[in-house]
Amino acid sequence: MPPFFITIVTAVILGTLARFFMLKVDYRQYPSYPHGVVTHLSLGFIAATLGAVALPALLEKEFAAVSFLALAAQQFREVRTTEREMLLHLDKSELVQRGPDYIEGIARVFESRNYLVILTALIVSTATHFFNPLLGIISSILAVAAGNRLMTGRNIKDIARVRPGEIRFEGPNVFVENIHIMNLGGEETRETIIERGLGVIIEPFNDNERETLANNGQRMALAHEAASQLGVYKDVDTPEFTPLVRRDKDTGRIGMLILPIERDMEFLITAIKGVPVLESATGKPLRSRAGKKAED
């Protein structure tokens, strides 16, 4: 049997399996099945191979082989670019768009998971070579669990309180409580909103979370997720029924007006609480000296 055969094969198999377990096809249907799944599993196999051969290359002093890791990192950055461009094109056909910030977050996730596969395969190959394949299997399980834990971000429920908000009109202007949403001229449109609309208020826990909710990309993600899960009473020729998310400039509270197909306030609040907090939207003004003084 060739040297390092068991080490490399074990690491490649477990690394590819790690990428499989990181795949998550949910209501968003991305990556799509089977084409998106096959693409990402193939990239996972390549990443696992790179991680598996890194240790044997070092032990055999084949340093040129290790340089392929740097080349692979460049290729995985290209994967991120490809994912971003594809999703931006697809977003144009959505009734309620994700927005570029949400799409950038998705692209980052797919890039970073390939790096996690490389690290997992490297850990497995090290454990298998210096100890035994059983320890390699155990180490792969721990690596995947740790990776998923580290990549699990916060949701809206972690940064804000979500509660029902009353929809009211003052002439042609529609409000969710005291937050102005938009101006509506048509009487029929107003009647539809009164009949089908739901209002929600999102109250940030502190100034850090207020800054996050102020981000327009985060608000686009809120509207998209709510519309995706509950449906939206809208078509391409009814832009006035697009879910809208507006901000109270005095308090930082967020008001949402949506006309869902499933008109259920409890499920709407549950959907909003589960919306991920975008990395690009996260702000920490309280960590700065000026921010702390402003809060005081």
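Numbering-wise, the sequence shown is residues 6 to 301 according to our numbering. Heads up, the beta-carbon is just placed ideally off N, CA and C, and yes, glycines get one too.
So, helix, strand or coil for F9, using DSSP? Counting from one through the sequence shown, the residue named residue 9 turns up at place 4. Note: F9 maps to coil in three-state DSSP.
Whole-angstrom Cβ separation of P2 and A228, contact assumed at under 8 Å? Residue numbering for the chain in the displayed model covers 6 to 301; residue 2 lies beyond these limits and cannot be assessed.
Buried/exposed call for Q79, threshold 16 Cβ in 10 Å: Locating residue 79 in the sequence shown gives position 74, counting from the first residue. It is exposed - the Cβ of Q79 has fewer than 16 other Cβ atoms within 10 Å.
Minimum length 4: unbroken alpha helix (DSSP H) runs contained in the segment 74-152: 105-135
Closest residue to F115 among V241, G49 and L140 (Cα-Cα distance): Looking up residue 115 in the sequence shown gives position 110. Closest option to F115, Cα to Cα, is G49.
Near R268, which residues of its chain fall below 7 Å by C-beta distance, leaving aside the five closest residues on each side in sequence? Position 263 of the sequence shown, counted from the start, is the residue given in the question as residue 268. Excluding positions up to five away in sequence, the list reads R201 and L203.
Among E182, E192 and P244, which residue has its Cα nearest to the Cα of M261? What you label residue 261 is simply residue 256 of the sequence shown in a count that begins at 1. Of E182, E192 and P244, the residue nearest in Cα terms is E182.
If you run the structure through DSSP and keep just helix, strand and coil, what is L264? Working through the sequence shown from its first residue, we reach residue 264 at position 259. The answer is coil: DSSP assigns L264 none of H, G, I, E or B.
Is it true that the CB of A57 sits closer than 9 Å to the CB of T15? Numbered from 1 along the sequence shown, position 10 holds the residue referred to as residue 15. Numbered from 1 along the sequence shown, position 52 holds the residue referred to as residue 57. Cβ atoms of T15 and A57: closer than 9 Å.
Using only alpha-carbon positions, find the residue among V43, K66 and A75 that is nearest to L55. Within the sequence shown, numbered from 1, the residue matching residue 55 stands at position 50. Nearest option by C-alpha distance: A75.
Could you spell out where the alpha helix (DSSP H) holding F272 opens and where it closes? Your numbering for residue 272 matches position 267 in the sequence shown. Looking at the DSSP string, the run of the alpha helix (DSSP H) that includes F272 is M270 to K278.
Note down, one range per segment and in chain order, each alpha helix (DSSP H) of at least 4 residues found wholly within the segment 39-66. 40-64
Under the rule that 16 or more other beta-carbon atoms within 10 Å means buried, what is M27, buried or exposed? In the sequence shown, counting from the first residue as 1, residue 27 sits at position 22. That one is buried.
Could you have a look at F174 and say whether DSSP puts it in helix, strand or coil? Reading the sequence shown from its first residue, position 169 is the one you call residue 174. Strand, per DSSP.
In this structure, what does DSSP give as the bridge partners for E208? As a first step, residue 208 must be located in the sequence shown, where it is residue number 203. E208 is bridged to R166.
So the candidates are G110, K278, A52 and R258; which of them puts its Cα closest to the Cα of T21? Taking the sequence shown and counting its residues from 1, one reaches residue 21 at position 16. Measuring from the Cα of T21, the nearest candidate turns out to be A52.
Kindly list the residues whose CB is nearer than 7 Å to the CB of N178, restricted to its own chain and excluding five residues on each side of it in sequence; keep chain order. On the sequence shown, position 173 is the one that residue 178 refers to. Excluding residues within five positions, the ones whose Cβ falls inside 7 Å are H185 and N188.
Quick check: what's the CA-CA separation for A77 versus R166? For the purposes of this step, residue 77 is taken as residue 72 along the sequence shown, with counting starting at 1. For the purposes of this step, residue 166 is taken as residue 161 along the sequence shown, with counting starting at 1. When rounded, the distance between both Cα atoms is 43 Å.
Between which two residues does the beta strand (DSSP E) harbouring L249 extend? Position 244 of the sequence shown holds residue 249. From DSSP, the beta strand (DSSP E) with L249 extends over L249 to R252.
Identity of the residues DSSP links to V181 by a beta bridge: Working through the sequence shown from its first residue, we reach residue 181 at position 176. Paired residues: I172 and I184.
Is the beta carbon of D212 less than 9 Å from the beta carbon of G257? By 1-based counting over the sequence shown, the position of residue 212 is 207. By 1-based counting over the sequence shown, the position of residue 257 is 252. Yes, the pair counts as a contact, with Cβ atoms nearer than the cut-off.
Sequence-distant residues of the same chain with beta carbon closer than 6 Å to D253, five excluded per side: Here residue 253 refers to the residue found at position 248 when the sequence shown is read from its first residue. Here the set comprises I184.
Helix, strand or coil for N160? Go by DSSP, reduced to three states. Locating residue 160 in the sequence shown gives position 155, counting from the first residue. Strand.
Could you please give me the residues that DSSP links to I18 through a beta bridge? Position 13 of the sequence shown, counted from the start, is the residue given in the question as residue 18. Beta-bridge pairing links I18 to no other residue.
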